[in-house]
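Notes follow once the structure below has been shown.
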Amino acid sequence: MTAAIEVEDLRKSYGEVQALDGLSLRVEEGEFFGLLGPNGAGKTTFINVLVGLVRKSGGHAEVFGHDVVDEYREARDAIGLAPQEFNVDRFFPIEEVLVHKAGYHGIPEDEALDRAHEALKRVGIYDKREERFDWLSGGMKRRLLLARALVTGPELLILDEPTAGVDVQLRHDLWEVVRDLNEHGTTILLTTHYIEEAERLCDRVAVVDDGRKVEVATPDDLMNRGTDTVTVTLRDAPAETPPLGDTLDRVESVELDGDRLVVRASNGGAVTPDLLNELEAMGHVVVDLDISRTSLEEIFVELTGDDR
Ligand SMILES: Nc1ncnc2c1ncn2[C@@H]1O[C@H](COP(=O)(O)OP(=O)(O)OP(=O)(O)O)[C@@H](O)[C@H]1O
Numbered sequence: 001m002t003a004a005i006e007v008e009d010l011r012k013s014y015g016e017v018q019a020l021d022g023l024s025l026r027v028e029e030g031e032f033f034g035l036l037g038p039n040g041a042g043k044t045t046f047i048n049v050l051v052g053l054v055r056k057s058g059g060h061a062e063v064f065g066h067d068v069v070d071e072y073r074e075a076r077d078a079i080g081l082a083p084q085e086f087n088v089d090r091f092f093p094i095e096e097v098l099v100h101k102a103g104y105h106g107i108p109e110d111e112a113l114d115r116a117h118e119a120l121k122r123v124g125i126y127d128k129r130e131e132r133f134d135w136l137s138g139g140m141k142r143r144l145l146l147a148r149a150l151v152t153g154p155e156l157l158i159l160d161e162p163t164a165g166v167d168v169q170l171r172h173d174l175w176e177v178v179r180d181l182n183e184h185g186t187t188i189l190l191t192t193h194y195i196e197e198a199e200r201l202c203d204r205v206a207v208v209d210d211g212r213k214v215e216v217a218t219p220d221d222l223m224n225r226g227t228d229t230v231t232v233t234l235r236d237a238p239a240e241t242p243p244l245g246d247t248l249d250r251v252e253s254v255e256l257d258g259d260r261l262v263v264r265a266s267n268g269g270a271v272t273p274d275l276l277n278e279l280e281a282m283g284h285v286v287v288d289l290d291i292s293r294t295s296l297e298e299i300f301v302e303l304t305g306d307d308r
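Read in order, the letters of the sequence shown are residues 1 to 308 in UniProt numbering.
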């Protein structure tokens, strides 16, 4: 199957700065793919290479089998980009901004207006269609960037920090739209600093740092590598720490804090039934239980050494 994105040993230098330093990555058609990395990791540079805004210094990049340099037009036409920066023409009503965008990608004028209206309805700002960009609120500007990315009906939607600085309701609305597109076959590439968002939405995530891939996996796989915390409250405080680590091999540490046992274990959810059986066999009565899973955020910090 043709990949939506395939890059091999991608490089981009700005003088001394190696923004991309041998990045290799494959995103399958139909995936919801997250690109995570600390500030300056090279995420925007990577996206800009794909859309032809930045010329790579080396390596290879294809979008749906089209080389981003040699077949720029085909590659670019397949992509809808909602960028991090507000790069919108401020002098036209927003519906015209969308019509121009569609025209640039070869969509005839009469069809372009229909598409512009459809995209504006989809993101919920159709009633603002005759207003100019500068008159919109920050949240509406984000909606417009998404509408502009959608007006060409792209196979690949790239979202670069689409929810930076927007309120909870809008984040929720935007994700509804994007999820629905993905369910209908659009491939999504998302960069976000809200790692929880990636954890919830993405089929797979790549962690990049210093212009290179550190890891690529499903959020679940990454989280399974972390250590979870299982807190068990016992009816009677034990005199000493029960020796649970001796019999349960995934248990990493056990601490006693009054009537509470704090157990650190890999894949805590799976360990818990054995843990409870073991405690019961020792004569303890469990009155409360809490399992706190490692977050993707914690794994991210471990992988990149970034604690933002
Ligand atoms: N036009 C440019 N000229 C010089 N250096 C640049 C340019 N664009 C990016 N860089 C540098 O390349 C590196 C990667 O930047 P990039 O914007 O791709 O990172 P990012 O992962 O998108 O970061 P952020 O999360 O902050 O958006 C950084 O060190 C940045 O300073």
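Where is the CB? At the ideal position from N, CA and C, for every residue including glycine.
This one's a predicted model, so the numbers in the text were calculated from it and none came from an experiment.
Hey, could you find the ends of the beta strand (DSSP E) Glu28 is sitting in? Counting along the chain, the beta strand (DSSP E) containing Glu28 begins and ends at Val17 to Glu28.
Rank Ser292, Gly153 and Leu190 by C-alpha distance to the C-alpha of Gly37 and give the top, closest one. Comparing Cα-Cα distances from Gly37 to each of Ser292, Gly153 and Leu190, the minimum goes to Leu190.
Using the Cα positions of Val97 and Met223, report the straight-line distance between them to the nearest angstrom. Rounded to whole angstroms, the separation of the alpha carbons of Met223 and Val97 is 42 Å.
Give the DSSP-derived three-state secondary structure of Lys56 in the structure shown. DSSP places Lys56 outside both helix and strand once states are collapsed to three, so it counts as coil.
Which value, in whole angstroms, describes the spacing of the CA atoms of Leu23 and Val216? Rounded to the nearest angstrom, the two C-alpha atoms are 12 Å apart.
For Val151, report the span of its beta strand (DSSP E) as first-last. Per DSSP, Val151 belongs to no beta strand (DSSP E) and is neither H nor E.
Identity of the residue in Asp134, His100, Val285 and Ile79 nearest Leu53 by Cα: Here the closest residue by C-alpha is Ile79.
If you draw a straight line from the C-alpha of Asp70 to the C-alpha of Val263, how long is it? When rounded, the separation of the alpha-carbon atoms in Asp70 and Val263 is 56 Å.
Determine the closest residue to Val208 out of Gly34, Val17 and Thr272, with distance taken between C-alpha atoms. Considering only alpha carbons, the answer is Gly34.
Would Pro162 and Thr192 be called neighbours here (beta carbons separated by less than 9 Å)? If you check the CB distance, Pro162 and Thr192 come in under 9 Å.
Name the residue from Glu240, Ile188, Thr272 and Glu31 whose alpha carbon lies nearest to the alpha carbon of residue 309. Absent from the model: residue 309. The displayed extent of the chain is 1 to 308, so no value can be given.
Buried or exposed: where does Asn182 fall if 16 or more other Cβ atoms within 10 Å of its Cβ makes it buried? Classification of Asn182: buried, given that the 10 Å Cβ count is 16 or more.
Starting from the Cα of Val177, find the closest Cα among His100, Asp77 and Ala119 and give me that residue. Of the candidates His100, Asp77 and Ala119, the one whose C-alpha sits nearest the C-alpha of Val177 is Ala119.
Below 8 Å, can you find three or more Cβ-Cβ pairs linking the stretch 58 to 66 to the stretch 3 to 11? Contact between the stretch 58 to 66 and the stretch 3 to 11 is present, because at least three Cβ pairs lie under 8 Å.
Is Glu85 buried or exposed, if buried means 16 or more other CB atoms sit within 10 Å of its CB? Burial call: exposed.
Within 10 angstroms of the Cβ of Val285, are there 16 or more other Cβ atoms? Answer buried if so, exposed if not. Under this definition Val285 is an exposed residue.
Cβ-heavy atom distance, Asn39 to ligand 1, below 8 Å: Asn39 Cβ: within cutoff of ligand 1.
Nearest to Ile5 by alpha carbon, out of Arg76, Gly40 and Asp236? That would be Arg76, whose Cα lies nearest to the Cα of Ile5.
Can you give me the Cβ contacts of Leu276 inside the same chain, cut-off strictly under 8 Å, excluding the 5 residues immediately before and after it? Only Val232, Val286 and Leu289 meet the Cβ criterion.
Shorter than 8 Å, the distance from the beta carbon of Lys43 to the closest heavy atom of ligand 1, or not? Correct: Lys43 has its Cβ closer than 8 Å to ligand 1.
The beta strand (DSSP E) enclosing Arg260, as first and last residue numbers: Residue range Arg260 to Ser266 is occupied by the beta strand (DSSP E) that includes Arg260.
On the DSSP bridge assignment, give the partners of Ala217 in chain order. Partner(s): Val205.
Can you list, in chain order, the residues of its chain whose CB lies under 6 Å from that of Ala19, leaving out five sequence neighbours each side? So the qualifying residues of the chain are Lys12, Gly42, Thr45 and Gly211.
Pop quiz: Leu144 and Ile125 are said to be a contact at Cβ under 8 Å. What is the actual Cβ separation, rounded to whole angstroms? About 6 Å separates the beta carbon of Leu144 from that of Ile125, a gap short enough to meet the 8 Å contact definition.
Could you tell me the distance, in whole angstroms, from the CA atom of Gly226 to the CA atom of Val301? Rounded to whole angstroms, the gap between the alpha carbons of Gly226 and Val301 is 11 Å.
Spatial neighbours of Glu95 within its chain, please: CB distance less than 8 Å, with the 5 preceding and 5 following residues excluded, ordered by chain position. Contacts found: Leu113, Ala116, His117, Leu120, Arg129 and Glu130.
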